[in-house]
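Here the structure is laid out as structure tokens; the discussion comes afterwards.
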Amino acid sequence: MNTQLIGGLITGILFGILLQRSEVIRYDRQVGAVRLIDMTIVKFMLSAIIVGMIGVYTLEGTGVLELSIKGTVIGTNIVGGLIFGAGWALLGYCPGTAAGALGEGRIDALAGMGGMVIGGMLFGEFYPLTQSGFLSAGNFGKVTLPMITGMNPWIWIFVLTLLYMGIFYLIERESL
Amino acid sequence: MQKSENKPMNPYIAGALSGLLAVASVVLVGKFFGASTTFARIGGALEGIVLPERVANLAYFQKYVFKMDWQLLFLVGITLGSFISSKMTGTFKVQAIPDMWRDHFGSRLSPRIWMAFVGGIIAAFGARMAGGCPSGHGLSGLMQMSISGFISLLCFFLGGIIVARIVYGRRASR
Numbered sequence: 003m004n005t006q007l008i009g010g011l012i013t014g015i016l017f018g019i020l021l022q023r024s025e026v027i028r029y030d031r032q033v034g035a036v037r038l039i040d041m042t043i044v045k046f047m048l049s050a051i052i053v054g055m056i057g058v059y060t061l062e063g064t065g066v067l068e069l070s071i072k073g074t075v076i077g078t079n080i081v082g083g084l085i086f087g088a089g090w091a092l093l094g095y096c097p098g099t100a101a102g103a104l105g106e107g108r109i110d111a112l113a114g115m116g117g118m119v120i121g122g123m124l125f126g127e128f129y130p131l132t133q134s135g136f137l138s139a140g141n142f143g144k145v146t147l148p149m150i151t152g153m154n155p156w157i158w159i160f161v162l163t164l165l166y167m168g169i170f171y172l173i174e175r176e177s178l
Numbered sequence: 003m004q005k006s007e008n009k010p011m012n013p014y015i016a017g018a019l020s021g022l023l024a025v026a027s028v029v030l031v032g033k034f035f036g037a038s039t040t041f042a043r044i045g046g047a048l049e050g051i052v053l054p055e056r057v058a059n060l061a062y063f064q065k066y067v068f069k070m071d072w073q074l075l076f077l078v079g080i081t082l083g084s085f086i087s088s089k090m091t092g093t094f095k096v097q098a099i100p101d102m103w104r105d106h107f108g109s110r111l112s113p114r115i116w117m118a119f120v121g122g123i124i125a126a127f128g129a130r131m132a133g134g135c136p137s138g139h140g141l142s143g144l145m146q147m148s149i150s151g152f153i154s155l156l157c158f159f160l161g162g163i164i165v166a167r168i169v170y171g172r173r174a175s176r
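One line per chain: the protein sequences are B and P, in this order.
Quick note on this note's numbering: the first sequence kicks off at 3 and runs consecutively.
Quick note on this note's numbering: the second sequence kicks off at 3 and runs consecutively.
And the structure:
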């Protein structure tokens, strides 16, 4: 096994422990979020994003790492995003958390993972249709918020951190 | 009685540690978190066993050939890590019907399994169309402040909120 594979396995194990101990891989937490009654996964995700954002841009500034941005295509991002959200609410796990839920014995996650393989297969057939028409609309390439606004990334990091903290404040105020 | 070690970890702390882990992963092996591509790669490989000529003509599976890569091992690791952690803390439980589901729809096995299966099909189809899932677009995308991440994550929640309301109804009873 090369370094990348071992790295993937070790990172996965550590991430799996954190996901399991904080219960964010539970169906009740995931569906609780989209039912707007339990914001555990939002707390988890936004905390990871704040730390990650600061870490990534600090190290990118010193040349230790390179960004790897997914291309923005407004059509597929919106339509695919909404479709994903619909399936996620039915299944109650996303691809990464399904793997974690299976690890703590949740067998319904396995049915979901079987479905995901079929879903990937179907998308392979559908893919050419996403390359034209309205689904391909709004192709801006690999862009970030600092890039399109022409602003220093640290201004956005500051603004977004405040925004996410504001979301934490609202969640805690409502005891969600 | 709940054992003290069963008490869940604070999600802010677990999230912050996951953020550090994600940055370390990029620095050490050059990989941002992501999970959904692997399911498409496996789908293409399985279809290739039954219909090799068909798959050979699909541009998508030319792009995403099945391979033992970082992401596959990352997913295997998540399952292992969750297994170890749940076993060590006594929270491992073989369960096919989540508590919230049981409270609303009863304890019959087949509706839950079918719903999970169909939900998985729809979720993976949408994730591959959007180009990522809550890991790739959500965590990795928002850490880098990528526009695709912001749009996709908002739509994940929007689609989820709409469908959850249809499935569970308007009343937000736990």
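Just so you know, even glycine gets a beta-carbon here, dropped at the ideal spot from N, CA and C.
If you're wondering where the values come from, they're calculated on a predicted model, not measured in any experiment.
Query	Result
Counted within 10 angstroms of its Cβ, other Cβ atoms place D105/P as buried (16 or more) or exposed	exposed
Integer-rounded CB distance, given that A103/B should sit under 8 Å from V36/B	Not confirmed; about 16 Å, so no contact.
Simplified DSSP assignment, three categories, for F68/P	coil
9 Å Cβ cutoff, Q4/P in contact with chain B	Only weak support is given to the placement of Q4/P: the predicted model assigns it a pLDDT of 47, under 50, and the question is left unresolved by the model.
Close Cβ partners of M2/B (< 6 Å) along its chain, the five nearest in sequence each way excluded	Missing from the structure shown is residue 2/B; chain B here goes from 3 to 178 and no further.
Burial state of P155/B, where buried means 16 or more other Cβ atoms lie within 10 Å	buried
One or two residues paired with G143/P in a DSSP bridge	G143/P is not bridged to any residue.
Presumed contact (8 Å Cβ cut-off) between G126/B and A42/P, rounded CB distance	7 Å
Residues, ordered as in the chain, of the region 8 to 33 of chain P that lie near chain B by beta-carbon distance below 9 Å	P10, M11, N12, P13, Y14, I15, A16, G17, A18, L19, S20, G21, L22, L23, A24, V25, A26, S27, V28, V29, L30, V31, G32 and K33
Own chain, CB closer than 7 Å to V75/B, minus 5 neighbours either side, in chain order	S138, G140 and N141
Reduced DSSP secondary structure (H/G/I, E/B, other) of F94/P	coil
Contact between the region 103 to 115 of chain B and the region 133 to 149 of chain P (3+ Cβ pairs under 8 Å)	no
Partners in chain B for F68/P, counting only beta-carbon separations shorter than 7 Å	Under the 7 Å cutoff, chain B gives no residues; its nearest Cβ is about 11 Å from F68/P.
Residues that F160/B contacts on chain P, provided the C-beta gap is smaller than 9 Å	Result: empty, since nearest Cβ-Cβ is about 12 Å, beyond 9 Å.
Listed by chain order, chain B residues near I115/P by CB distance under 7 Å	D110 and A113
Contact check, R114/P vs A132/P, beta carbons under 9 Å	no
Backbone secondary structure at M3/P - three-state DSSP	Because the pLDDT at M3/P is just 41, under 50, the model does not fix this residue reliably, and the point stays unresolved.
Any chain B beta carbon closer than 9 Å to G143/P	yes
Assigned exposure category for M3/P - 16 Cβ within 10 Å defines buried	Residue placement at M3/P cannot be trusted, given a pLDDT of 41 that sits under 50; what the coordinates show is reported in the next sentence. That one is exposed.
Beta carbon proximity, N154/B to chain P, threshold 9 Å	no
Spatially closest choice to F107/P from Y14/P, L23/P, G122/P and V169/P, by CA coordinates	V169/P
Top-ranked residue by Cα proximity to C135/P, from L30/P, L82/P, G46/P and F34/P	F34/P
Interface residues of the region 108 to 137 of chain P facing chain B [CB-CB below 7 Å]	R114, I115, M117, A118, F119, V120, G121, G122, I123, I124, A125, A126, F127, G128, A129, R130, M131, A132, G133, G134, C135, P136 and S137
Chain-ordered chain P contacts of I15/B [CB-CB under 8 Å]	G79, I80, L82, G83 and I86
G143/B - partner residues in DSSP beta bridges	T74/B
C-alpha distance - L2/B paired with L22/P, whole-angstrom precision	Lying outside 3 to 178, the shown extent of chain B, residue 2/B is not represented and no answer is given.
Within-9 Å CB hit, G161/P to chain B	yes
Listed by chain order, chain B residues near L60/P by CB distance under 8 Å	G126, E127 and Y129
Proximal chain B residues relative to V169/P, where beta-carbon distance stays under 8 Å	A91 and L92
Meets three-Cβ-pair contact criterion under 8 Å: the region 15 to 25 of chain B and the region 81 to 90 of chain P	yes
Where R43/P sits in the DSSP three-state scheme	helix
Where the alpha helix (DSSP H) through T5/B begins and ends	T5 to R23
Delimiting residues of the alpha helix (DSSP H) encompassing I43/B	T42 to G63
Residues that Y171/B contacts on chain P, provided the C-beta gap is smaller than 8 Å	Here the premise fails: no neighbours, minimum Cβ distance about 12 Å.
Chain P contact for T146/B (CB, 9 Å cutoff)	yes
Contact residues within the region 35 to 46 of chain P, judged by C-beta distance below 9 Å to chain B	F35, G36, A37, S38, T39, T40, F41, A42, R43, I44, G45 and G46
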